[in-house]
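What follows is one structure encoded as structure tokens, with my remarks underneath.
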Amino acid sequence: MATKSHEKSLKDLFVHALKDIYYAENAIVKALPKVIEKAKHEHLKNALTAHLEETRGHVGRLEDVFGELSLKPTSVRCEAIEGILKEGEEILSDFGASPAGDAGIIFACQAVEHYEINRYGTLVAWAKELKLAAVGKMLKATLDEEYMADDKLTKLAESSENREGIVRSAAHAA
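The sequence shown begins at 0 in numbering that gives the first Met the number 0 and counts up by one.
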């Protein structure tokens, strides 16, 4: 039976999750420029460029969250985002030069967004449970931005430009 000194609390898990998403956001900041470079359509390039700046803001906001908790901003390696980003790199490698390249970029970027939505949604709920109102408000702002980014990607996926690329890709494969 574990002693009290070895028991972990929800606050401990919350801090661990903050370190996890801090790692993820920094990894995304490093990965996005390569993705932007491969994007063909200006609307997608512009959306990804704007999201890169927004993601840099997420890193800063997380640093503020750490400060609010009187903690130094640190990260723990996040295997999940590494796997998602690795899959994105493979998609870029396999499809980036093809007519389906932008569709592949959207596909990969939405996987990242859904991961972030999952993490921030949980962090917001835990902040509420832990009665960390100011922290919860900051995390909720990021969660809202992640939802908006995902919505933009969906609209781009449904756009005529993307459909044209998919049609050209299908014609090329035939």
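All C-beta atoms, glycine included, are put in the ideal place defined by N, C-alpha and C.
Note that the structure is a prediction, hence the values are computed from the model and not measured.
Asn45 burial status per 10 Å Cβ neighbour count (16 or more: buried): Residue numbering aside, residue 45 sits at position 46 when the sequence shown is read from its first letter. It is exposed - the Cβ of Asn45 has fewer than 16 other Cβ atoms within 10 Å.
Gly82, buried or exposed, once every other Cβ within 10 Å from all chains shown has been counted against 16: For the purposes of this step, residue 82 is taken as the residue at position 83 of the sequence shown. Around the beta-carbon of Gly82, fewer than 16 other beta-carbon atoms lie within 10 Å, marking it exposed.
Stretch pair the segment 81 to 100 + the segment 44 to 63: three plus CB contacts closer than 8 Å: The segment 81 to 100 vs the segment 44 to 63: no contact.
Exposure of Thr73, with buried meaning 16 or more beta-carbon neighbours within 10 Å: In the sequence shown, residue 73 corresponds to position 74, counting from 1. Its Cβ having fewer than 16 others within 10 Å, Thr73 is exposed.
Which of helix, strand or coil DSSP assigns to His40: Counting from 1 along the sequence shown, the entry for residue 40 is found at position 41. Under the three-state reduction of DSSP output, His40 falls in the coil class, being neither helix nor strand.
Residue interval of the alpha helix (DSSP H) (run including Thr153): Stepping through the sequence shown from its first residue, residue 153 is reached at position 154. From DSSP, the alpha helix (DSSP H) with Thr153 extends over 132 to 156.
Nearest candidate by alpha-carbon position, reference Asp19, set Leu43, Lys154, Ala148, Arg118: Here the question's residue 19 lines up with position 20 in the sequence shown. Taking only the C-alpha atoms, the option nearest Asp19 is Arg118.
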